[in-house]
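In this note's numbering, the protein residues as written are 99 to 325. Notes follow the structure.
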DNA sequence: CCAGACGTTGTT
DNA sequence: GTCTGG
DNA sequence: CCAGACGTTGTT
DNA sequence: GTCTGG
């Protein structure tokens, strides 16, 4: 994935959705600000916790506690190898999270600049990416950082790009967060064939370039103008 | 042993 | 922290 | 594919 | 002759 996703739902709305479709989570109204473009190094809300899930704010770009160079933080981890890689395996075993989103961007083609497409769930429901996280001394305030797992593209995405985030249907969130399960038990989630149907449309050029990520140019993306 | 890597995706 | 390559 | 190894020990 | 690493 191209390193940008969207989470434009407000805490109040998410609280209601979770209560209705998953389980009730305590979320303050000011837990986060909706954003049309969440990019690496930014802080974003994720679901963590086994018996009592909760919202945590974490930095996008995972850094193990033993790695000192912030520049080596990783925003993605390949699902095919995440359980073995030294950088990821501890987090994969014991620190999984669900990255809340409602869509993601993917670049396409070879010609520069590469156009983007936006993908979202057909049902417009809450999207959950499979994530892992670590704590690091380099992160003082929000001490945890996370990475999003990637996998082969589903049919919908394959036309545009060769990788996509691992998307977990809400029914699987509990399983993903269950620390008692080991990585082999989770491989079922990496199959793009079980990914939800996604709809997509081109991102207007000025929305892609918008420096103010929550300004009117980005909002166009969600109104599907500029197609 | 011990130094060096440890990762993925993109080039707005 | 742990593994690999030299 | 093809060059190069083909072996073990070691730290304080 | 056969295996491995690049």
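Ideal Cβ placement from N, Cα and C applies to all residues, glycine included.
Buried or exposed for residue i, going by 16 or more other Cβ atoms inside 10 Å?
{"i": "residue 226", "result": "buried"}
{"i": "residue 145", "result": "buried"}
{"i": "residue 102", "result": "buried"}
{"i": "residue 211", "result": "exposed"}
{"i": "residue 207", "result": "exposed"}
{"i": "residue 307", "result": "exposed"}
{"i": "residue 315", "result": "buried"}
{"i": "residue 277", "result": "exposed"}
{"i": "residue 274", "result": "buried"}
{"i": "residue 282", "result": "exposed"}
The beta strand (DSSP E) spanning residue i covers which residue range?
{"i": "residue 320", "result": "Careful: residue 320 lies outside any beta strand (DSSP E), inside the alpha helix (DSSP H) at 314 to 321."}
{"i": "residue 93", "result": "The structure shown does not extend to residue 93, since the chain spans only 99 to 325, so no value can be given for it."}
Can you give the beta carbon distance from residue i to residue j, rounded, assuming they're within the 8 Å contact cut?
{"i": "residue 296", "j": "residue 200", "result": "Actually they do not touch by this definition, with Cβ atoms about 12 Å apart."}
{"i": "residue 266", "j": "residue 228", "result": "5 Å"}
Hey, out of the options, whose CA is closest to residue i's CA?
{"i": "residue 139", "options": "277, 157, 122", "result": "157"}
{"i": "residue 168", "options": "258, 261, 244", "result": "244"}
{"i": "residue 246", "options": "115, 280, 230", "result": "230"}
{"i": "residue 136", "options": "105, 274, 161, 241", "result": "105"}
{"i": "residue 300", "options": "294, 313, 318, 289", "result": "318"}
{"i": "residue 173", "options": "150, 152, 142, 191", "result": "142"}
{"i": "residue 272", "options": "263, 284, 171", "result": "284"}
Contiguous alpha helix (DSSP H) assignments of at least 4 residues, all confined to the region 174 to 204: 187 to 192, all fully within the region 174 to 204.
### Task
Can you check the region 107 to 169 for any alpha helix (DSSP H) of at least 4 residues that lies completely inside it and give the ranges in chain order?
Counting whole runs of 4 or more residues, the region 107 to 169 contains the alpha helix (DSSP H) stretches 109 to 119.
Whole alpha helix (DSSP H) runs in the region 200 to 277 with 4 or more residues, listed along the chain? Unbroken alpha helix (DSSP H) runs of no fewer than 4 residues, entirely contained in the region 200 to 277, are found at 253 to 256, 271 to 275, following chain order.
Check: Could you give the uninterrupted runs of the beta strand (DSSP E) lying entirely in the region 278 to 304, keeping only those of 3 residues or more?
Finding: Here the runs fully enclosed are 296 to 300.
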